[in-house]
Amino acid sequence: MKRVLFIADGAVRLVDLEKRLPREPGELRVVWLGAGSLSAALLDGLRHSGWRVCLVSDAARRLVEETEALRPVLIRWACDLGEIRVAGRRVKEHLLIPGQGWSVWWAGLLSEKNTFKTPLFFRLIQLSAVRKLMADAESCIFAVREPVFAESLGLAATAAGRPFVFVRIPGRQGRWGLILRGMATAMSFLLKTAWRCGHLRLVLGSPRLRAAACAVDMVVSYFPLLDRRAAAEGRFVSRHFAPLQEMVRGGGGRLSWLFIYFPLEGWSFRDAVGLVRRFSGESMFFWEEFLSWRDIMAAVGAWLRGAWVAERILTCIEDRDLVPEEIGPAGLPLVRALWRLSFLGAGPMEGALFHAAFSEVGRTLAGSRRWVYLCEMMAWEKALNAAKRRCRPDILTVGFQHSTLCRNFLNHYYDPREIDREGTDSDLPLPDVLAAGGRLLAEDLRRSGYQNVRIVESLRYLYLNRLLIAPPDHPKGRKRLVVVGTIDREETLAVLRLAADAFPVRGETPGTFVPHPALPLAALGAILPGGIPAAQKPLLEELALADFVLVGASTVAVEALAHGCVVLEPVFAHVMRMNPLSDYPGYCRPVYGPEDLRRAVMPGAGAAEPEAARRFVREYWDLDESLPAWRGLLFGADDRVAGTPRSSQEAASA
């Protein structure tokens, strides 16, 4: 019997597929890499045509295993690309920006490896998994939306000696669609930045007029993530840094703030500027205020130069050096697309603009001596550290890893060769202190090779300390399910679809849906399934009443564990697994489909022992409300903080 491998990630019409199938029916092995599931009508039609249809039901599990195997490979490979020598210089040295003292290499997606910003890293993993499945097939049929992925699949089939055909599907992207969208994103960021720069000058005036009020300690944070009640009273209380604000105020000091606007909870940019005007007595700035029109034009020049140099370099690198050996030549189309997206996309534009702004911040706010920022290893953070390194080396930068880590958040992890300092402009720009909000987070970062990692108190989650000391006596056992959205739209829609398929009838399992603050229902553009209505209470109140929490790549997973919930992690074949608890078996239960979810939502099913769960949360985050480590960082002598007071977790483990 002829065995055919069918790979699909989008809607396929039966009539189009039948035209591509061999005339003589055989066994059709179906691998679904899309959202939801393949059409039942399509599968029934194939069976009626005489085909024996075999669904590869463990595709998501296979991809989890493939991700585990390839994660260190991708981290090493990204470093290898930057180290390749072309005409006697390394790639990252060719991409140095004249006059800025740092390399645009660090702003690109290839270096950043941000799996939230591009699916191409996961496509490489999917490609590797599909190559292994080809061993048992005689021919292949591909129905995928991305042309570069289709091209890679075709090359893999050719290398395996398997004949293949493509099936056109609705929604198929154009060949250059990915690159053009990246360029459009870069231009959009440039235009928004230019408009905001002008708007801020009109509304707030020159930042130099407010520079005299700058404090020694400056916090760089997303805005407006704030306490709404305090804001209504004219007070600014950051939801990321409130305990730090209180500590500094109690010591007779104050903080300055440099804001990066992020659309949250319905606040527009104009709203954010209006809020800053209302907060009297605060030293507040937006990063765009520090840009000049010359800086903006120079950023365009740096972006164009970087793209041109990168394209020339690409033509000089041998194909065998471009792709990891573990993936093979079939990955070339994906790697070339990732390369071009890295230097034609938004990253280098963001890097150039942020570098210019932070350089001017250092010059204008001469009284600032310490900069604390939220560390997620983004392009703007590297620009901050590069600008500080060149313009204000006296400043102490503290990168605060403030939430959770997952080993599949590849942007947090670099090869030791990149972390090691050479003392050159092409070095990876890193903070002087990498402050981790708990022992387990610090251990993870140290294992990755980072230097000067310090444990500090996890400011945003200190509220859990009282919850863990005296857990509330809420009634459990009602099978109440809370479905939590993430910042990833694709994943959130997939989670909602999973919950709808598992519980189509309202009341079958009491439950609610809580969206991510940056992706509310209106922006999500989804209709909630009948069985899962929108939550009417804040997230923390929902967690207090929940028995089960279905959540993907979100810090809420650890918070739910502290609330005594069973954490269910949805695992899909089209979205990379990035739940922070996935690195700690026993504290969450993977869910691979609707039936699996139905079985999981049962009293006592897969629950971590409550005391063990509480101990885990205390080790994951440092919840000492007296903040000894933060006091040492901000009030201690600046010897790059060696020997300053330690956190209670660090002292206990010494």
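Quick note: the sequence shown uses the numbering used here, first residue 706, plus one each step.
We treat Cβ as the ideally placed atom computed from N, Cα and C, and that holds for glycine.
Limits of the alpha helix (DSSP H) - the one that residue i falls within
| i | result |
| --- | --- |
| F826 | L825 to L838 |
| D932 | Unbroken run through D932: none, as it is neither H nor E. |
| W1013 | W998 to C1021 |
| I1124 | P1121 to I1124 |
| I780 | A764 to E788 |
| C902 | G882 to L909 |
| Y1292 | Element bounds for Y1292: n/a, residue is neither H nor E. |
| T1315 | Here residue 1315 is Pro; the residue named in the question, Thr, does not match the sequence. Run containing P1315: P1315 to Y1325, per the alpha helix (DSSP H) assignment. |
| N1170 | L1169 to I1174 |
| R1304 | P1299 to A1305 |
| C1096 | A1084 to C1096 |
| P912 | Segment: none, P912 is in no alpha helix (DSSP H) and carries neither H nor E. |
| D721 | L719 to R725 |
| L1233 | That residue, L1233, is in no alpha helix (DSSP H); it is neither H nor E in DSSP. |
| E1030 | Where E1030 is concerned, there is no enclosing alpha helix (DSSP H), given that its DSSP letter is neither H nor E. |
| A861 | P852 to A864 |
| G1337 | P1333 to F1340 |
Sequence-distant residues of the same chain with beta carbon closer than 7 Å to residue i, five excluded per side
| i | result |
| --- | --- |
| R1323 | L1173 |
| V1263 | T1109, P1285, L1286, V1322 and Y1325 |
| R1303 | A1207 |
| R708 | G731, E732, R734, D841, A842 and E843 |
| W972 | P929 |
| P968 | A1223 |
| A1092 | H1060, F1063, S1064 and G1067 |
| F894 | A1051, M1054 and E1055 |
| V1158 | L1139, A1141, A1147, L1150 and R1151 |
| R1194 | L1224 and L1229 |
| S1352 | I1160, V1161, E1162, D1327, D1329, P1333 and A1334 |
Unbroken beta strand (DSSP E) run spanning residue i, endpoints
| i | result |
| --- | --- |
| I846 | S844 to A848 |
| M989 | S988 to F991 |
| L1186 | L1186 to V1189 |
| F1218 | G1216 to V1219 |
| R1041 | No beta strand (DSSP E) holds R1041; the alpha helix (DSSP H) holding it covers L1037 to L1049. |
| G1104 | L1101 to Q1106 |
| F821 | Run containing F821: none; DSSP gives neither H nor E here. |
| V870 | F869 to F871 |
Cut-off 6 Å between Cβ atoms - residues of its own chain near residue i, not counting five sequence neighbours on either side
| i | result |
| --- | --- |
| I802 | V809 and A1007 |
| T823 | L814 |
| V1256 | V1189 and A1262 |
| L760 | V735 |
| D721 | V872 |
| V684 | Residue 684 lies beyond the residue range present for the chain, which begins at 706 and ends at 1359; the question has no answer from this structure. |
| Y1297 | A765 and V1276 |
| L1019 | W1044 |
| A862 | C845 and F869 |
Beta-carbon separation (whole angstroms), residue i vs residue j, contact threshold 8 Å
| i | j | result |
| --- | --- | --- |
| S985 | W962 | That pair is no contact at about 14 Å. |
| T890 | E993 | Wrong, their Cβ atoms sit about 17 Å apart, outside the cutoff. |
| A812 | E1081 | About 14 Å; that fails the 8 Å criterion. |
| I1124 | Y1155 | 6 Å |
| A774 | F1277 | With a Cβ gap of about 18 Å, A774 and F1277 do not count as contacting. |
| L1039 | L825 | 6 Å |
| R1319 | A1267 | 7 Å |
| P1220 | K1184 | With a Cβ gap of about 22 Å, P1220 and K1184 do not count as contacting. |
| A848 | K818 | So it is not a contact: roughly 28 Å between Cβ atoms. |
| G787 | V796 | 5 Å |
| A1042 | I884 | 7 Å |
| I1032 | L858 | At roughly 12 Å, the Cβ-Cβ gap does not stay under 8 Å, so I1032 and L858 are not in contact. |
Residues bridged to residue i [DSSP beta-bridge criterion]
| i | result |
| --- | --- |
| R1159 | A1140 |
| F1277 | BP columns for F1277 are empty, so no partner. |
| E732 | R708 and R757 |
| V924 | W962 and V1077 |
| R795 | R790 |
| L801 | S808 |
| W737 | A713 |
| L1224 | H1221 |
8 Å Cβ shell around residue i - same chain, five flanking residues per side excluded
| i | result |
| --- | --- |
| D1024 | P1034 and L1037 |
| L926 | The sequence shown places Ser at residue 926, not Leu. Excluding sequence neighbours, S926 sits near S943, H945, F946, W962, L963, F964, I965, Y1078 and L1079. |
| N1113 | T772, R776, T820, M1281, R1282, M1283 and S1287 |
| R1074 | V921, D922, D1099, I1100, L1101 and D1343 |
| A1204 | L1186, V1188, G1216, F1218, P1234, G1236, I1237, L1255 and L1302 |
| G715 | G739, A848, V849, R850, I874, P875, G876 and R877 |
Residue i beta carbon near the ligand NAD (any heavy atom closer than 7 Å)
| i | result |
| --- | --- |
| A1061 | The ligand NAD is not part of this structure, which contains no ligands at all. |
Which runs of the alpha helix (DSSP H) spanning at least 4 residues fall entirely within the region 933-992, listed in chain order? 933-937, 947-955 and 974-983
Check: For the region 1237-1278, which segments carrying the alpha helix (DSSP H) assignment without a break, of at least 4 residues, lie completely within its bounds, in sequence order?
Finding: 1244-1250 and 1261-1267
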